[in-house]
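Peer 1:
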Amino acid sequence: MTDDAVVVEPWGGPDSRRGQVFAAVFPHSDDFSIFAGGLVQKLIREGATGYFIRLTNDEMDSYDLSAGETMFRIEQETRAVAAAFGVQKVYDLNYKNHYLDHAMLTEIRHRLIALFRFLKVDTVIAFDPWGHYEENPDHTISGMAVEQACWMAGRPLDLPELADMGLRPHFVTEKYYVARGPQLVNRVIDVTPVADEKLAAMLLHATPMDNMFRQELDADPACPWRTVEEFVRGTLLDNQPEYRGFRYYEKYHHIGR
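Each residue of the sequence shown is one higher than the one before, starting from 40 at the first, in the working numbering.
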C-alpha cells in the first residue's frame, strides 16, 4: 500500500453518525485508549453510540499486586475511561489474561455474535487479524474472533436460536483494525484535536501504565522518563513522526464505508 492510497478521514459534523453504533472490542482494558482513543472520541462526537467489549480479566497487568487486586483496580479504571469518553457501557467477558487460545475462539465468536446482534453494531474497532509479528496471543485471537463474528452475525443460519430471543441477524459492515506491528494501512485519522483527552484517558489506566513504566525502569534505570505521565506521553503519544502535517494521528486497516 503506497502512501498515495492512504485516505485521511475527515472529522464529520455532530450528526454525521447519528443512529450508528460502534463497538471497540479488545482483550485488555488499555488497548482501546492506546490504539484507538482518538477514533473513539471522533465517532462519539459525530453522534455514534459506543460500547467497549473487554475480553479478558486483565489479571496479569500490574507490577506487584495480587491477581484479585489487579482485576478489581483495572475494572474500576476501565469504567472511568469509558465514562470520560462517553462510552455507553462496558461489557466484560472476563476470560483469563493471555489465554485466549484457539480452544476459546468459537465461544468468544458466539458471544460476540450475540452482542453484535443485540446492540445492532455497525462499526467495530479491534486488532487486525492480519497484523504481522504479534507476540500477544490475546491480540491475535481477539482479532480473529471479531472478524469472524462480524460476518456470521448477519447470517440467519448461524446461531438461529438467537432469533427466538429477539436477536435478528445483523451484519457489521465497517471495521477499523489496528496492529502493533506491520499491517496494511489505508486510513489515517488526525487526532490532534483530542490528543490531550487521549493522554488523560491513558493515564486513567493507572494500573497497567504503572506496570509498563516500572518494567521500563527495571530494564533501563537510565531511561529518560521520571514519571508515569512522562513515560506515557513519550512512548505512547509523542512516539510518531509528523505525518501530512498532523502531529498526532492513528493508523488503521479500514474495511467498509
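Virtual Cβ for every residue (Gly too), placed ideally from N, Cα, C. No experiment lies behind these values; they were computed from the predicted model shown.
For residue 53, which residues from the same chain have a beta carbon less than 8 Å from its beta carbon, with the 5 sequence-adjacent residues on both sides left out?
Peer 2: Here residue 53 refers to the residue found at position 14 of the sequence shown. Cβ neighbours of residue 53 beyond the five flanking positions: 84, 85, 86.
Peer 1: If you scan the segment 102 to 171 from start to end, which runs of the alpha helix (DSSP H) of 4 or more residues do you find wholly inside it?
Peer 2: 106 to 124, 141 to 158
Peer 1: Rank 252, 258, 173, 283 by C-alpha distance to the C-alpha of residue 275 and give the top, closest one.
Peer 2: Residue numbering aside, residue 275 sits at position 236 when the sequence shown is read from its first letter. The option with the nearest alpha carbon to residue 275 is 252.
Peer 1: Using beta-carbon positions only, say whether residue 187 and residue 124 come within less than 8 Å of one another.
Peer 2: Translated into positions along the sequence shown, residue 187 becomes position 148. Translated into positions along the sequence shown, residue 124 becomes position 85. No.
Peer 1: Comparing C-alpha positions only, which one of 191, 131, 157, 280 sits nearest to residue 204?
Peer 2: Position 165 of the sequence shown, counted from the first residue, corresponds to residue 204. It is 157.
Peer 1: State the Cα-Cα distance for the pair residue 46 and residue 277, rounded to the nearest angstrom.
Peer 2: As a working note, residue 46 is residue 7 in the sequence shown. As a working note, residue 277 is residue 238 in the sequence shown. Residue 46 and residue 277 have their C-alpha atoms roughly 22 Å apart.
Peer 1: Between the segment 98 to 109 and the segment 119 to 138, are three or more C-beta pairs nearer than 8 Å?
Peer 2: yes
Peer 1: Quick check on this structure: which residue in 56, 76, 44 has the alpha carbon closest to the alpha carbon of residue 217?
Peer 2: Walking along the sequence shown from the start, residue 217 turns up at place 178. It is 76 whose Cα lies nearest to the Cα of residue 217.
Peer 1: Under 7 Å Cβ to Cβ from residue 59, same chain only, skipping five residues before and after it: list those, please.
Peer 2: Locating residue 59 in the sequence shown gives position 20, where the first residue counts as 1. Correct list, in chain order: 87, 161, 162.
Peer 1: Thinking C-alpha only, which one of 78, 140, 128 is nearest residue 290?
Peer 2: If you number the sequence shown from 1, residue 290 lands on position 251. That would be 78, whose Cα lies nearest to the Cα of residue 290.
Peer 1: Quick one: any contact between the segment 171 to 190 and the segment 217 to 234, if contact means 3 or more CB pairs under 8 Å?
Peer 2: yes
Peer 1: Please classify residue 287 as buried or exposed, where buried requires at least 16 neighbouring CB atoms within 10 angstroms.
Peer 2: For this step, residue 287 is matched to residue 248 along the sequence shown. Looking at its Cβ environment, which holds 16 or more other Cβ atoms inside 10 Å, residue 287 is buried.
Peer 1: Can you look up residue 40 in the DSSP assignment and give me helix, strand or coil?
Peer 2: Locating residue 40 in the sequence shown gives position 1, counting from the first residue. Residue placement at residue 40 cannot be trusted, given a pLDDT of 45 that sits under 50; the coordinates are not used to answer.
Peer 1: Does the pairing of the segment 62 to 72 with the segment 164 to 172 give three or more beta-carbon distances under 8 Å?
Peer 2: yes
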